[in-house]
Structures are given as C-alpha cells and as structure tokens.
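**Q**
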Amino acid sequence: MRPIKIEVGVLARADGSCYMEMGNNKVIAAVYGPREVHPRHLQDVTRAIVRFRYNMASFSVEDRKRPGPDRRSHEVSKVSRDSLAPVILTSYFPRSVVDIFVEVLQADAGTRTVGINAASVALADAGIPMTSLISACAAGKAGGHIVLDPMKQEDNFGEADMPLAMTPNGEITLLQMDGDFTVDEFQEALELAKDGCQQVYEIQRKALTDRYSQMKEGDLCGDANPVEEAQAYE
Amino acid sequence: MSNGVISDIRKDYLYQLMLKGERADGRSFNEYREISLKQGIIKKAEGSTCVKLGNTQVIVGVKIQPGEPYPDTPNRGVIITNAELVPLASPKFEPGPPNEVGIELARVVDRGVRESGSIDLDALCITPGEKVWIIFIDIHILDDCGNIMDAASLGAISALMTAIVPAEQYGLGEDYPLPVKDIPIATSAVVLDEGIMFDPDTDEESVADTKLTVITTADGRICGMQKSGTGFLDQDQIYRIVDISCETANGIREKFLEV
Amino acid sequence: MDRMDRDVVVPGDLVSDDPQKAGEGTYVKDGKVYSLLYGLASSYKDGVRVIPLAGKYVPSVGDTVIGVVDDIVFSNWIINVNSPYGGLLHISEYPKKIDMNEMSKYLRIGSSIMAKVKDVDSTMKVELTLNDRRLGMLKRGRVVEISPTRVPRLIGKGGSMINMLKTELNCNIFVGQNGRIWVDGNDRDMDLALKTILIIEKEAHTTGLTDRISEFLKTEKVARS
Chain H
23 MRPIKIEVGV LARADGSCYM EMGNNKVIAA VYGPREVHPR HLQDVTRAIV
73 RFRYNMASFS VEDRKRPGPD RRSHEVSKVS RDSLAPVILT SYFPRSVVDI
123 FVEVLQADAG TRTVGINAAS VALADAGIPM TSLISACAAG KAGGHIVLDP
173 MKQEDNFGEA DMPLAMTPNG EITLLQMDGD FTVDEFQEAL ELAKDGCQQV
223 YEIQRKALTD RYSQMKEGDL CGDANPVEEA QAYE
Chain V
44 MSNGVISDIR KDYLYQLMLK GERADGRSFN EYREISLKQG IIKKAEGSTC
94 VKLGNTQVIV GVKIQPGEPY PDTPNRGVII TNAELVPLAS PKFEPGPPNE
144 VGIELARVVD RGVRESGSID LDALCITPGE KVWIIFIDIH ILDDCGNIMD
194 AASLGAISAL MTAIVPAEQY GLGEDYPLPV KDIPIATSAV VLDEGIMFDP
244 DTDEESVADT KLTVITTADG RICGMQKSGT GFLDQDQIYR IVDISCETAN
294 GIREKFLEV
Chain Y
67 MDRMDRDVVV PGDLVSDDPQ KAGEGTYVKD GKVYSLLYGL ASSYKDGVRV
117 IPLAGKYVPS VGDTVIGVVD DIVFSNWIIN VNSPYGGLLH ISEYPKKIDM
167 NEMSKYLRIG SSIMAKVKDV DSTMKVELTL NDRRLGMLKR GRVVEISPTR
217 VPRLIGKGGS MINMLKTELN CNIFVGQNGR IWVDGNDRDM DLALKTILII
267 EKEAHTTGLT DRISEFLKTE KVARS
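Residue numbers (my numbering), protein chains in the order written: chain H, 23 to 256; chain V, 44 to 302; chain Y, 67 to 291.
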C-alpha cells in the first residue's frame, strides 16, 4: 500500500475537513452540516439527507481536464455517498443536510478510495454522529498477480480493479469491480483489500486521536448534566 | 460560523474600530495578513502554487499544452484563465459552473497576467498558424476567509514563474522554464465610510459596499483595475488606493517572488 | 472494561462492556457500548458518555440563546441561532403588544436578541420567546461565537469559570447555549474578555484551566496598570 499522510482540520470555514495524500494522490475533503437544506423540497422531515460531491481540479491530471462534473464524477459521488451514509445517524437531524465535498488536487489512480477515507475523517472532525469510521482501499490484478492499492501504471495496464470500503468490523459499504477475475482471484483480492482497509483505519484513527494528544484530567464537561438513559443503536 | 445576515452589533463594532483607525484583528488599514506560498505542490501541473493569506487558501495550477491558436492571432500563444469557487471553500459557494463572482475573479487575474506583458505570447508559437502553446491558469479556491482575489492573483503569477514548458513530451525539444517578464501583483481594498482597508477579511467584505482592486507591475505601472460592489468611490479615494497599492505590491513582490 | 477517563475516542470505539452504562454520545450493539462521536470518553457515577469535540448546536426547550434576525415573514421573526435549525419568534412572544406591520420597527434584520427556546417539535420546528425580564434585544456590547461544545467548559462546574470571569473582567457576560457569548463593559475590558473566552475555547480539553485563566487575568491586569 502506498504511503499515507493525513491532516485533520485544515480548513477554517468548513465544519470539518481533512487533507489526505495516498501515494501521489492529493485530496481534500470538507463537511458542512448538519445545515439547512436548499432547495427546501429536498428535505426529509424524519432525517438528514447526505450529499456527496466529488470533483477533480483541472490541473489534477496529465491532460488538463475541463472543469465541472462529468459522468464519472457523478458515479463516484453516488457510490461514495452510499459508502458513508450507512454509518451516519441521520435520524438525529431531521430536515437538514450533511454535505460532503471532495476535491482532487492531484490524481494517480484510486482517487475515490482516498476521497472516501478523507471524507470519513472530515465527518468525524465535524462532529457528525456515526456508528464507526469508514475505510477504503482497492485491490487489483496486474501481470496476473493480485495487488493491493494499484498505482496509475498498474491501473491502466491492469486486468482488474476493485475498490472496497468497510467499517472496522468488516461490514462492506462500497464494492465495485471492473476487469477480469476468476472467483478465486476475487476472493483473494477481497481479503487483500480488507486487510488494506484495516491498515487505513489505524492511520485514520491515529490522525484523529493525535490531534488532542494533550489529554489529561481535562474538564470539557464542566457543569453539563449527564443524560443517563441508554441510547440503543437504531 | 453563521453564514447568514451579519448582525448590527458586529457592523457597529467594525465601524467604531474604523473611526479609531483600527481593525477587528488588530491590523492597520494597509496591513496584509500573513502570506505563505508553497510552490510546485501539484506534480501533474506544469506550475503550481498554494497560497495562504491569513486563513484564506487558494491553489493555482498552470497546465501548458500545445493547441490551435485563435484565428485572429495565428502566431501567438493562448492564455485561458478559469476560477472554480468550489462549495467546500465557503457556505456561500454553490456547485455548478462559475457564477458572476467566479467569472469576474478569473477575468481580473487574467487581465493582470496579460496586460502586464508577463507572458510573451509571441514566444509561444510552435508552428505559425497551426500550433501554439496554450497556457491554462486554473484557480481553485479552497478556503474563503476574505480577499480570494489577491490570493488567486498571487498564486497565478507564482505558478507561472515556476512553470516548465513540457516541450520534451511533445517532441518539441527540451523542457524549459516558461519565460516570465514581469510580476503583476493585485492588491484589493474595501471602503467603509472614510476607512480604506486593504486585504479585507470575511466580515469586512460583508460590511463594506465597495472594493477596488489594483494590479501593478514591477516598475510601478498599473496594468489592471476593477471596482466592484454597489457603493461610490471618489477620486481622492482612488488615488490613495493606487498609491498604497504600488507600495504594498512592491513589498509582496520583494518578499515572496523576487529571486 | 471501561474506557479510561478522558480518552480521545472516534466513532465506533468500544467504551464499555456493560450496556447499562450507555450514556450520551454512545450506542449499544450486541451488548456492548460504542462511541457515536469524535470526543472524550468520560465515566461518571452510573455510566460512560462521550463528550463531543465538535458539533452543531441543537436547540432544546429551556435553553437561552443569542440569535440574529435573518428575516421577517408574516407574524414571525426568523432568527438565526447558529444551528441547522432556524428559530421562529412569533409576534405574540414579543414582550409588548405590537402590530404586524410594526415588527421591523422593534426588531429588524440584523438585530441581535437574547431569547429562550420555548418549544421544539419532532420535526425540529423551534419556537423562541422574549417573554421574560432578562430577555430582549441586545443594543450594546459585543458578541463572540465559540463552538457550542465548549459552552459547558466556559460555564464550569457550578458556574465556577464564568463567575470568575465576570468578577475579574468587570463585564456583564452572558453565555448562550448556542455558543454565542455577549459581553458588555468598557472597550478594554471587553477586548480582554473576548481574548480570554477564545483561549478557553481553544484549551477547553486541558487540565487546570480555571487556575491558568485566573493567573492569566491577574497578569494582564497588572500589565495594564
């Protein structure tokens, strides 16, 4: 797996943010929300809606890209949203929206998984209640071998690409695949990708906990009255 | 931070400070927030810079590719400047193609680059009438905490100054640094009654109704100007702004861009 | 197993093996308690809770908040309370009897008010009121915004921190549950008050803060005289 660098809370205006590098990928994710939904007709009176917008900067790729979404970014946005929505407690915030934005500043294969990883950290940074973080990683096949986290060269000339996202408990929220796998190869790739996701999770978790490393008898709670009812999950 | 209406209390406070010659963050009227530039951060771009101006953050990427010249200038290179005010940078930015604010920003930055003669377009001809170098200046706003105009303009010239023309990959000779002949710097000021404040932050921009951007070159010539907002400007204010702009621009140029 | 007190946790971290101990900011799954938030795990008498390090203000009945008038629609002032939910201040909740067409005379767009949350329904429709002597329009002073998650620390146990600030700073200070704080006093005292509040916000999670702030204020005041 390519080296990862994470910085939490890099933007002043967004509610939560995360800058992430994975190999030569450079991505920044930001979360605004929960906030009021515009246009109003999109709102759900029982829960928050989750929106995800993946966008690539014109200078992020070899051949300058025309600005604006294309079909690929629409698809990436949709599957990315679907990878994170299952862990977000949307019922806590009726009639609102959690907006997630990912901007790819430099692309080198696997931007959607980096985007999801950064978005997951940004959601935590924004204080959005979630049942867990989501970690993503891809496996592929190049030169007949199953490889973890394929780079651009491997991706272009590879024979299969399979991005995966999951909770640390192994519940899968993103699975896509294109190329050519035998069933055995697929299983091998899945195990490899799951392993990669675990490694990513550890790094995400550490980035978040390191940020407040000066943890002692801190008194953040002050005078707040603790609510003593159990909160059953869903 | 709330992104709605700015409160009367806040407006009054800014006015009171202005009357005393002060600003909310303690700066003087002509003072810029802390600037930092990180050049060459986007490897896929031929030139790039991330600018931090206070908390405002902007990335500008320069891509250089061969292409067709415009029919009316068959032997000159082409500069295309675009700004993306992406929604992650501010609760006020909506997804979609650039609106009038984004278009204005790109055109003003473009004006500075073009009219200062910083890029010699004639030198960008490859095959007359057929092939020239196209320079894309792509401005990507990341965090709007005020004065994205100056940050974008600074990012653009910095990215151009560090750009390499990728001749090799197109079989057009060796790579060479893009020749940049001048260093235009944009400085913007907002007018709050009698107060003229440079490098406005978010609140100052909301409260003021007039802004003037002046772009000056290394030898003190003015190569671009833009008044925006719905208020009035009088001649004296304009002259004062121009004077301070030249001085401030020199300071920024010396500190950050001159070799 | 219980989380050590004041551990930083992320969503999904295990905080207790005992479902009876599930407090705020946690959820129960398969008989164990997990964190819902990025925050500090804190155990108290009967349980474990997670105190958020970030998050929006969600209006709750009885809260006192500082709001700004965003709009006037028919008989309601629409109030921004720094929340995903706007507050509605109905004309009948104004302490004086006024006509619908006089509303902007009393509270116009941009006016700041200290209001109380009267009601919140299941769709998060929030109703505010000014019907209380201590509530009303803020005419003087300054308002600063901090993260609502730091408000309890600013108040302190039994009001220890906020009372200390009011005395040492010689200012009127009102802390809204929604993270907005109003201070009123002379200019220099207000400057110091705002500076102090922002330090408290930044260091809310550290030890011995009340004492450090007390020291800081004493030093500042000596430096002044």
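Ideal placement from N, C-alpha and C gives every residue a C-beta, glycine not left out.
1. Closer than 7 Å, Cβ to any Cβ of chain H: which residues of the segment 249 to 267 of chain V, in chain order?
2. Span of the alpha helix (DSSP H) holding residue 119 of chain Y?
3. Pick from H:230, H:140, H:198 and H:102: whose alpha carbon is nearest that of residue 258 of chain H?
4. Indicate the three-state DSSP secondary structure (helix, strand or coil) for residue 238 of chain Y in the structure shown.
5. Please determine if the segment 221 to 235 of chain Y and the segment 272 to 283 of chain Y are in contact, where contact requires at least 3 C-beta pairs separated by less than 8 Å.
6. What ranges does the beta strand (DSSP E) occupy inside the segment 68 to 148 of chain H, keeping only unbroken runs of at least 3 residues that lie completely in it?
7. So residue 150 of chain Y and residue 122 of chain Y are in contact, right, with Cβ under 8 Å, and what is the actual spacing, rounded?
8. My output table needs one value for residue 107 of chain Y: the three-state DSSP class, helix, strand or coil.
9. Could you tell me whether any Cβ in chain H is nearer than 8 Å to the Cβ of residue 121 of chain Y?
10. Spell out the partners DSSP gives residue 142 of chain Y in its beta bridges.
11. Using the C-alpha atoms, what's the distance from residue 255 of chain Y back to residue 198 of chain Y?
12. Between residue 40 of chain H and chain Y, is there a C-beta pair that is closer than 8 Å?
13. Using a C-beta to C-beta distance shorter than 8 Å, which residues of chain V count as neighbours of residue 149 of chain H?
14. Could you tell me whether any Cβ in chain Y is nearer than 8 Å to the Cβ of residue 71 of chain V?
15. Do you know how far the Cα of residue 178 of chain V is from the Cα of residue 84 of chain H?
16. Give me the subset of the segment 54 to 82 of chain H whose CB atoms are less than 9 Å from a CB atom of chain V, sorted by chain position.
17. So residue 99 of chain Y packs on residue 88 of chain Y, CB below 8 Å; how close in whole Å?
18. Give a yes or no on whether the C-beta atoms belonging to residue 184 of chain V and residue 200 of chain V are separated by under 8 Å.
19. Give me, in chain order, the residues of the same chain whose beta-carbon lies closer than 7 Å to that of residue 202 of chain H; leave out the 5 immediate sequence neighbours on both sides.
20. From the beta carbon of residue 203 of chain H, is the nearest beta carbon of chain Y less than 8 Å away?
21. In terms of residues, what are the limits of the beta strand (DSSP E) holding residue 295 of chain V?
22. With C-beta atoms as the reference, is residue 51 of chain H less than 8 Å away from residue 144 of chain H?
23. Per DSSP, residue 197 of chain H forms a beta bridge with which residues?
24. Have a look at residue 92 of chain V and residue 213 of chain V and give me their C-alpha separation to the nearest angstrom.
25. Report the partner residues of residue 100 of chain V according to the DSSP bridge assignment.
26. Counting only the same chain and skipping the five closest in sequence on each side, list residues whose C-beta sits under 6 Å from that of residue 95 of chain V.
27. Are at least three pairs of beta-carbons, each pair with one atom in the segment 182 to 201 of chain H and one in the segment 158 to 173 of chain H, less than 8 Å apart?
28. What's the call for residue 275 of chain V, buried or exposed, on a 16-neighbour Cβ count within 10 Å?
29. Take every Cβ of the segment 123 to 142 of chain V, pair it with every Cβ of the segment 265 to 280 of chain V, and state whether three or more of those distances are shorter than 8 Å.
30. Closer than 7 Å, Cβ to any Cβ of chain Y: which residues of the segment 112 to 144 of chain H, in chain order?
31. Short of 7 Å in beta carbon distance, which residues of its chain neighbour residue 94 of chain Y, apart from the five on each side in sequence? Order them along the chain.
32. Between residue 78 of chain Y and chain H, is the shortest Cβ-Cβ distance under 8 Å, so that the two count as touching?
33. Could you work out which residue in V:243, V:97, V:104 and V:172 is closest to residue 124 of chain V when comparing CA atoms only?
34. Is residue 195 of chain V helix, strand or coil when you go by DSSP?
35. So residue 50 of chain V and residue 170 of chain Y are in contact, right, with Cβ under 8 Å, and what is the actual spacing, rounded?
36. Whose CA, out of V:299, V:86, V:265 and V:97, lies closest to the CA of residue 151 of chain V?
**A** This is what the structure holds:
1. none
2. Looking at the DSSP string, residue 119 of chain Y is not in any alpha helix (DSSP H), and its letter there is neither H nor E.
3. Residue coverage of chain H in this structure runs from 23 to 256, which leaves residue 258 of chain H outside it and unanswerable.
4. strand
5. yes
6. 71 to 78 and 119 to 128
7. 6 Å
8. strand
9. yes
10. Y:139 and Y:156
11. 28 Å
12. no
13. Chain V residues near residue 149 of chain H: none, gap ~15 Å exceeds 8 Å.
14. no
15. 14 Å
16. 54, 57, 60, 75, 77, 79, 80, 81 and 82
17. 5 Å
18. no
19. 181 and 182
20. no
21. From DSSP, residue 295 of chain V is part of no beta strand (DSSP E) but of the alpha helix (DSSP H) over 278 to 295.
22. yes
23. H:186
24. 24 Å
25. V:95 and V:186
26. 79
27. yes
28. exposed
29. no
30. 115, 116, 117 and 118
31. 85 and 88
32. yes
33. V:104
34. helix
35. Wrong, their Cβ atoms sit about 15 Å apart, outside the cutoff.
36. V:265
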